[in-house]
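Peer 1: Next up is a structure, given as C-alpha coordinates.
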Amino acid sequence: MSEPIFFPRAVSVSLAEVVACTGATVGQGADLSGVIRGAALPEDAEAGEITFFEALPNIELLETGRASACFVRPQHAGLIPPRTLALVVEDPYRAFALVLRRIFPQGDRSCSLFGTVGINPGASIHPEARLELGVIVDPGVVIGPRAEIGSGTVIGANSVIGADVRLGRDCTIGPQVTISHALIGDRVALHAGVRIGQYDPVAFAALEGPQFPKAPDIGRVIIQDAVEIGANSTIDRGAIGDTVVGEGSKVDNLVRVAHNVTIGRHCVIPAQAVLSAGSRLQDFTVLTGAAGVS
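Each residue of the sequence shown is one higher than the one before, counting from 542 in my numbering.
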(Lines of atoms letter the chains of each structure in order from A and count residues from 1; the text may use other names and numbers.)
(Lines give C-alpha, C1' and ligand atoms only; values in the text may rest on other atoms or scores of the structure.)
Protein backbone atom coordinates (compact mmCIF):
# COMPACT_ATOMS: atom_id res chain seq x y z
CA MET A 1 0.00 0.00 0.00
CA SER A 2 1.37 3.43 -0.90
CA GLU A 3 2.45 5.60 2.03
CA PRO A 4 0.72 8.98 1.96
CA ILE A 5 3.65 10.53 3.84
CA PHE A 6 5.62 10.35 0.57
CA PHE A 7 2.81 10.84 -1.92
CA PRO A 8 -0.03 13.08 -0.68
CA ARG A 9 -3.40 11.99 -2.01
CA ALA A 10 -5.93 14.12 -3.76
CA VAL A 11 -9.59 13.78 -2.85
CA SER A 12 -10.95 10.29 -3.31
CA VAL A 13 -12.02 9.26 -6.81
CA SER A 14 -15.45 7.71 -7.27
CA LEU A 15 -15.86 4.49 -9.21
CA ALA A 16 -18.06 6.40 -11.64
CA GLU A 17 -15.13 8.77 -12.31
CA VAL A 18 -12.81 5.80 -12.76
CA VAL A 19 -15.10 4.31 -15.40
CA ALA A 20 -15.47 7.65 -17.16
CA CYS A 21 -11.75 8.46 -17.34
CA THR A 22 -10.63 5.00 -18.47
CA GLY A 23 -13.54 3.89 -20.64
CA ALA A 24 -13.83 0.67 -18.64
CA THR A 25 -16.81 -1.63 -19.08
CA VAL A 26 -18.60 -2.99 -16.00
CA GLY A 27 -21.32 -5.56 -15.50
CA GLN A 28 -24.97 -4.60 -15.86
CA GLY A 29 -26.29 -3.03 -12.67
CA ALA A 30 -22.82 -2.62 -11.14
CA ASP A 31 -22.70 -0.32 -8.11
CA LEU A 32 -20.53 2.69 -8.95
CA SER A 33 -21.25 4.65 -5.79
CA GLY A 34 -18.07 3.54 -4.03
CA VAL A 35 -14.87 5.57 -3.84
CA ILE A 36 -11.22 4.75 -4.44
CA ARG A 37 -8.74 6.15 -1.91
CA GLY A 38 -5.57 4.34 -2.90
CA ALA A 39 -3.88 1.80 -5.17
CA ALA A 40 -1.89 -1.37 -4.63
CA LEU A 41 -0.77 -4.64 -6.19
CA PRO A 42 -3.44 -7.37 -6.29
CA GLU A 43 -2.08 -9.30 -3.31
CA ASP A 44 -1.75 -6.19 -1.11
CA ALA A 45 -4.89 -4.27 -2.03
CA GLU A 46 -7.44 -3.47 0.66
CA ALA A 47 -11.02 -2.22 0.55
CA GLY A 48 -11.10 1.26 -0.97
CA GLU A 49 -8.10 0.54 -3.21
CA ILE A 50 -7.83 -0.23 -6.91
CA THR A 51 -5.52 -2.70 -8.63
CA PHE A 52 -4.94 -4.40 -12.01
CA PHE A 53 -4.50 -7.97 -13.25
CA GLU A 54 -2.62 -9.04 -16.37
CA ALA A 55 -0.97 -12.46 -16.03
CA LEU A 56 -2.66 -15.83 -15.48
CA PRO A 57 0.27 -17.30 -13.49
CA ASN A 58 -0.60 -14.79 -10.75
CA ILE A 59 -4.26 -15.72 -10.47
CA GLU A 60 -3.92 -16.73 -6.80
CA LEU A 61 -2.98 -13.14 -5.96
CA LEU A 62 -6.54 -12.07 -6.73
CA GLU A 63 -7.81 -14.19 -3.83
CA THR A 64 -5.20 -12.80 -1.44
CA GLY A 65 -6.11 -9.13 -1.84
CA ARG A 66 -9.32 -7.29 -0.95
CA ALA A 67 -9.39 -4.61 -3.67
CA SER A 68 -12.60 -2.70 -4.30
CA ALA A 69 -11.96 -2.67 -8.05
CA CYS A 70 -9.59 -4.31 -10.51
CA PHE A 71 -8.74 -3.53 -14.13
CA VAL A 72 -8.76 -6.70 -16.20
CA ARG A 73 -8.79 -7.82 -19.83
CA PRO A 74 -12.08 -9.16 -21.25
CA GLN A 75 -10.87 -12.78 -21.29
CA HIS A 76 -9.98 -12.63 -17.58
CA ALA A 77 -13.06 -10.82 -16.26
CA GLY A 78 -14.60 -14.03 -14.92
CA LEU A 79 -11.60 -14.58 -12.64
CA ILE A 80 -12.23 -11.52 -10.49
CA PRO A 81 -13.70 -12.41 -7.05
CA PRO A 82 -17.31 -11.24 -6.42
CA ARG A 83 -16.17 -8.79 -3.72
CA THR A 84 -14.11 -6.87 -6.33
CA LEU A 85 -15.61 -4.84 -9.17
CA ALA A 86 -14.18 -5.97 -12.53
CA LEU A 87 -13.25 -3.01 -14.73
CA VAL A 88 -12.86 -4.49 -18.20
CA VAL A 89 -10.32 -2.76 -20.46
CA GLU A 90 -7.93 -3.76 -23.24
CA ASP A 91 -4.83 -2.53 -21.37
CA PRO A 92 -5.19 -2.93 -17.58
CA TYR A 93 -1.91 -1.29 -16.61
CA ARG A 94 -2.52 1.77 -18.77
CA ALA A 95 -5.94 2.28 -17.20
CA PHE A 96 -4.45 1.75 -13.73
CA ALA A 97 -1.80 4.39 -14.45
CA LEU A 98 -4.46 6.91 -15.48
CA VAL A 99 -6.27 6.47 -12.18
CA LEU A 100 -3.01 6.53 -10.22
CA ARG A 101 -2.24 9.96 -11.64
CA ARG A 102 -5.61 11.23 -10.41
CA ILE A 103 -5.21 9.83 -6.90
CA PHE A 104 -1.56 10.90 -6.53
CA PRO A 105 -1.23 14.03 -8.69
CA GLN A 106 2.12 14.95 -7.08
CA GLY A 107 3.63 11.50 -7.65
CA ASP A 108 5.61 12.39 -10.76
CA ARG A 109 6.09 16.12 -10.27
CA SER A 110 9.27 17.96 -9.40
CA CYS A 111 9.87 18.71 -5.74
CA SER A 112 12.79 19.54 -3.49
CA LEU A 113 13.98 16.81 -1.14
CA PHE A 114 14.67 19.58 1.38
CA GLY A 115 11.46 21.52 0.92
CA THR A 116 13.42 24.32 -0.69
CA VAL A 117 11.46 27.20 -2.17
CA GLY A 118 13.59 29.24 -4.54
CA ILE A 119 17.37 29.07 -4.17
CA ASN A 120 18.89 27.48 -1.09
CA PRO A 121 21.65 29.64 0.43
CA GLY A 122 23.97 26.64 0.30
CA ALA A 123 23.98 26.69 -3.52
CA SER A 124 26.70 28.38 -5.58
CA ILE A 125 25.37 30.18 -8.65
CA HIS A 126 27.65 32.11 -10.98
CA PRO A 127 26.56 35.74 -11.39
CA GLU A 128 26.38 35.28 -15.17
CA ALA A 129 23.95 32.35 -14.91
CA ARG A 130 20.31 33.09 -15.73
CA LEU A 131 17.49 31.42 -13.82
CA GLU A 132 13.85 32.11 -14.60
CA LEU A 133 11.35 32.69 -11.83
CA GLY A 134 10.21 29.54 -10.05
CA VAL A 135 13.46 27.57 -10.29
CA ILE A 136 14.19 25.53 -7.14
CA VAL A 137 17.83 24.90 -6.22
CA ASP A 138 18.79 22.58 -3.34
CA PRO A 139 21.92 22.85 -1.14
CA GLY A 140 25.33 22.19 -2.65
CA VAL A 141 24.29 22.86 -6.24
CA VAL A 142 26.85 24.57 -8.48
CA ILE A 143 25.65 26.45 -11.58
CA GLY A 144 28.27 27.74 -13.99
CA PRO A 145 28.57 30.93 -16.02
CA ARG A 146 25.99 31.65 -18.73
CA ALA A 147 23.92 28.58 -17.85
CA GLU A 148 20.20 29.14 -18.48
CA ILE A 149 17.51 27.32 -16.50
CA GLY A 150 13.77 27.49 -17.18
CA SER A 151 10.97 28.13 -14.71
CA GLY A 152 9.58 25.26 -12.68
CA THR A 153 12.81 23.26 -12.83
CA VAL A 154 14.07 21.61 -9.64
CA ILE A 155 17.79 20.91 -9.19
CA GLY A 156 18.72 18.37 -6.51
CA ALA A 157 21.47 18.61 -3.92
CA ASN A 158 25.12 18.62 -5.03
CA SER A 159 24.33 18.66 -8.73
CA VAL A 160 26.58 20.59 -11.10
CA ILE A 161 25.30 22.51 -14.12
CA GLY A 162 28.20 23.50 -16.34
CA ALA A 163 28.94 26.67 -18.24
CA ASP A 164 26.58 27.54 -21.11
CA VAL A 165 24.24 24.62 -20.44
CA ARG A 166 20.61 25.21 -21.45
CA LEU A 167 18.03 23.51 -19.26
CA GLY A 168 14.35 23.90 -20.11
CA ARG A 169 11.22 24.41 -18.03
CA ASP A 170 9.63 22.01 -15.55
CA CYS A 171 12.63 19.69 -15.48
CA THR A 172 13.60 17.44 -12.57
CA ILE A 173 17.32 17.13 -11.88
CA GLY A 174 18.05 14.63 -9.11
CA PRO A 175 20.86 14.83 -6.58
CA GLN A 176 24.49 14.36 -7.64
CA VAL A 177 23.78 14.94 -11.35
CA THR A 178 26.40 16.57 -13.57
CA ILE A 179 25.55 18.29 -16.85
CA SER A 180 27.98 19.89 -19.29
CA HIS A 181 28.01 20.73 -23.01
CA ALA A 182 24.27 20.07 -23.22
CA LEU A 183 21.04 21.59 -24.51
CA ILE A 184 18.08 20.09 -22.67
CA GLY A 185 14.39 20.61 -23.43
CA ASP A 186 11.31 20.98 -21.24
CA ARG A 187 9.89 18.38 -18.81
CA VAL A 188 13.08 16.34 -18.78
CA ALA A 189 13.86 14.16 -15.74
CA LEU A 190 17.44 13.21 -14.88
CA HIS A 191 17.57 10.92 -11.86
CA ALA A 192 20.26 10.68 -9.19
CA GLY A 193 23.84 10.32 -10.39
CA VAL A 194 23.20 10.89 -14.10
CA ARG A 195 26.19 12.18 -16.09
CA ILE A 196 25.51 14.23 -19.21
CA GLY A 197 28.04 15.70 -21.63
CA GLN A 198 31.31 14.33 -20.33
CA TYR A 199 34.41 13.69 -22.41
CA ASP A 200 34.68 10.22 -23.97
CA PRO A 201 38.16 8.90 -23.09
CA VAL A 202 38.25 6.32 -25.89
CA ALA A 203 37.28 8.55 -28.83
CA PHE A 204 40.83 8.50 -30.15
CA ALA A 205 42.62 8.22 -33.47
CA ALA A 206 44.10 4.75 -33.73
CA LEU A 207 47.65 4.61 -35.06
CA GLU A 208 50.27 1.92 -35.28
CA GLY A 209 52.35 1.72 -32.15
CA PRO A 210 51.60 2.49 -28.53
CA GLN A 211 50.36 6.05 -28.98
CA PHE A 212 46.70 7.01 -29.16
CA PRO A 213 46.45 10.73 -29.92
CA LYS A 214 43.21 12.16 -28.55
CA ALA A 215 41.33 14.89 -30.37
CA PRO A 216 39.13 17.13 -28.22
CA ASP A 217 35.44 16.25 -28.11
CA ILE A 218 33.84 19.40 -29.54
CA GLY A 219 30.24 18.18 -29.86
CA ARG A 220 27.23 18.49 -27.59
CA VAL A 221 24.41 16.48 -26.05
CA ILE A 222 20.92 17.36 -27.27
CA ILE A 223 18.08 16.05 -25.09
CA GLN A 224 14.63 16.83 -26.44
CA ASP A 225 11.40 17.40 -24.49
CA ALA A 226 9.89 14.87 -22.04
CA VAL A 227 12.93 12.56 -21.90
CA GLU A 228 13.63 10.58 -18.72
CA ILE A 229 17.09 9.27 -17.81
CA GLY A 230 17.44 6.74 -14.98
CA ALA A 231 19.89 6.81 -12.09
CA ASN A 232 23.62 6.54 -12.79
CA SER A 233 23.25 6.50 -16.57
CA THR A 234 25.87 8.31 -18.66
CA ILE A 235 25.58 10.14 -21.97
CA ASP A 236 28.80 11.34 -23.62
CA ARG A 237 28.88 14.47 -25.72
CA GLY A 238 29.60 14.15 -29.42
CA ALA A 239 33.21 13.96 -30.53
CA ILE A 240 32.38 15.97 -33.66
CA GLY A 241 28.68 16.67 -33.99
CA ASP A 242 26.06 15.85 -31.39
CA THR A 243 24.76 13.01 -29.26
CA VAL A 244 20.95 13.18 -29.47
CA VAL A 245 18.15 11.74 -27.33
CA GLY A 246 14.78 12.16 -29.03
CA GLU A 247 11.55 13.47 -27.58
CA GLY A 248 9.72 11.26 -25.09
CA SER A 249 12.39 8.57 -24.88
CA LYS A 250 12.90 6.68 -21.62
CA VAL A 251 16.35 5.49 -20.54
CA ASP A 252 16.56 3.20 -17.52
CA ASN A 253 19.22 3.07 -14.79
CA LEU A 254 22.87 2.24 -15.53
CA VAL A 255 22.68 2.79 -19.28
CA ARG A 256 25.80 3.89 -21.16
CA VAL A 257 25.37 6.09 -24.26
CA ALA A 258 28.61 6.80 -26.11
CA HIS A 259 29.52 9.80 -28.24
CA ASN A 260 27.55 10.62 -31.40
CA VAL A 261 24.71 8.20 -30.66
CA THR A 262 21.29 9.19 -32.00
CA ILE A 263 18.25 7.90 -30.10
CA GLY A 264 14.96 8.51 -31.87
CA ARG A 265 11.66 9.69 -30.41
CA HIS A 266 9.77 7.62 -27.83
CA CYS A 267 12.38 4.89 -27.54
CA VAL A 268 12.64 2.64 -24.47
CA ILE A 269 16.10 1.58 -23.28
CA PRO A 270 16.12 -0.76 -20.25
CA ALA A 271 18.81 -1.01 -17.59
CA GLN A 272 22.46 -1.77 -18.37
CA ALA A 273 22.12 -1.34 -22.12
CA VAL A 274 25.20 -0.04 -23.95
CA LEU A 275 24.94 2.08 -27.10
CA SER A 276 28.30 2.22 -28.84
CA ALA A 277 29.68 5.32 -30.51
CA GLY A 278 27.74 6.45 -33.56
CA SER A 279 24.92 3.93 -33.21
CA ARG A 280 21.38 4.97 -34.17
CA LEU A 281 17.94 3.95 -32.94
CA GLN A 282 14.86 4.69 -35.01
CA ASP A 283 11.73 6.20 -33.45
CA PHE A 284 9.79 3.88 -31.10
CA THR A 285 12.65 1.39 -30.73
CA VAL A 286 12.41 -0.85 -27.64
CA LEU A 287 15.53 -2.67 -26.44
CA THR A 288 15.89 -5.49 -23.92
CA GLY A 289 17.79 -5.21 -20.66
CA ALA A 290 21.60 -5.24 -20.94
CA ALA A 291 21.37 -4.99 -24.74
CA GLY A 292 24.40 -3.93 -26.74
CA VAL A 293 24.02 -1.75 -29.85
CA SER A 294 26.85 -0.91 -32.22
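Every residue gets a Cβ at the ideal spot worked out from N, C-alpha and C, and that includes glycine. For clarity, every value in this text was computed on a predicted model and none was experimentally measured.
Using a Cβ-Cβ cut-off of 8 Å (strictly less than) and excluding sequence neighbours within five positions of L795, which residues of its own chain qualify?
Peer 2: The sequence position of residue 795 within the sequence shown is 254, counting from 1. Only G771, A772, N773, S774, A812, Q813 meet the Cβ criterion.
Peer 1: What would DSSP say about T625, mapped onto helix, strand or coil?
Peer 2: Translated into positions along the sequence shown, residue 625 becomes position 84. Coil at T625, not helix or strand.
Peer 1: Answer yes or no: do R614 and A586 have a C-beta to C-beta separation smaller than 8 Å?
Peer 2: For the purposes of this step, residue 614 is taken as residue 73 along the sequence shown, with counting starting at 1. For the purposes of this step, residue 586 is taken as residue 45 along the sequence shown, with counting starting at 1. In this structure, A586 does not lie closer than 8 Å to R614 by Cβ.
Peer 1: Look up C562 in the DSSP assignment and say whether it is helix, strand or coil.
Peer 2: To locate residue 562, count along the sequence shown from 1; it is residue 21. Helix at C562.
Peer 1: So the candidates are G648, E558, A580; which of them puts its Cα closest to the Cα of S842?
Peer 2: The shown model of the chain, from 542 to 835, leaves out residue 842, and the question about it has no answer.
Peer 1: Taking the beta carbon of S721 as the centre, do at least 16 other beta carbons fall within 10 Å, making it buried, or is it exposed?
Peer 2: What you label residue 721 is simply residue 180 of the sequence shown in a count that begins at 1. Under this definition S721 is a buried residue.
Peer 1: Look up I644 in the DSSP assignment and say whether it is helix, strand or coil.
Peer 2: Position 103 of the sequence shown, counted from the start, is the residue given in the question as residue 644. The answer is helix: DSSP assigns I644 an H, G or I state.
Peer 1: What's the C-alpha gap between I644 and R671?
Peer 2: Translated into the one-based positions of the sequence shown, residue 644 becomes position 103. Translated into the one-based positions of the sequence shown, residue 671 becomes position 130. Rounded to whole angstroms, I644 to R671 spans 36 Å at the Cα level.
Peer 1: Is Q739 helix, strand or coil by DSSP?
Peer 2: As a working mapping, residue 739 is identified with position 198 in the sequence shown. The answer is strand: DSSP assigns Q739 an E or B state.
Peer 1: For the pair the stretch 647 to 664 and the stretch 617 to 624, tell me if three or more CB-CB distances fall below 8 Å.
Peer 2: The stretch 647 to 664 vs the stretch 617 to 624: no contact.
Peer 1: Is the separation between the beta-carbon of E769 and that of A730 shorter than 8 Å?
Peer 2: Here residue 769 refers to the residue found at position 228 of the sequence shown. Here residue 730 refers to the residue found at position 189 of the sequence shown. Yes.
Peer 1: Would a C-beta distance cut-off of 8 Å place E669 and P686 closer than the cut-off?
Peer 2: For this step, residue 669 is matched to residue 128 along the sequence shown. For this step, residue 686 is matched to residue 145 along the sequence shown. A contact, by the Cβ cut-off of 8 Å.
Peer 1: Can you list, in chain order, the residues of its chain whose CB lies under 6 Å from that of G691, leaving out five sequence neighbours each side?
Peer 2: Locating residue 691 in the sequence shown gives position 150, counting from the first residue. Excluding residues within five positions, the ones whose Cβ falls inside 6 Å are E673, G709, R710.
Peer 1: Between the C-alpha atoms of L556 and G675, what's the straight-line distance to the nearest angstrom?
Peer 2: Mapped onto the sequence shown, residue 556 falls at position 15. Mapped onto the sequence shown, residue 675 falls at position 134. Taking the straight line joining both Cα atoms gives about 36 Å.
Peer 1: Could you give the uninterrupted runs of the beta strand (DSSP E) lying entirely in the stretch 758 to 830, keeping only those of 3 residues or more?
Peer 2: Fully enclosed beta strand (DSSP E) runs of 3 or longer: 761 to 764, 775 to 777, 783 to 786.
Peer 1: Considering only the beta carbon of each residue, do I684 and I737 sit closer than 8 Å?
Peer 2: Looking up residue 684 in the sequence shown gives position 143. Looking up residue 737 in the sequence shown gives position 196. Cβ atoms of I684 and I737: not closer than 8 Å.
Peer 1: Would you report the Cα separation of I702 and T719, rounded to the nearest angstrom?
Peer 2: One-based indexing of the sequence shown puts residue 702 at position 161. One-based indexing of the sequence shown puts residue 719 at position 178. One C-alpha to the other measures close to 6 Å.
Peer 1: In the DSSP assignment, the alpha helix (DSSP H) including T694 goes from what residue to what residue?
Peer 2: Here residue 694 is taken as the residue at index 153 of the sequence shown, counted from 1. No alpha helix (DSSP H) holds T694; DSSP gives it neither H nor E.
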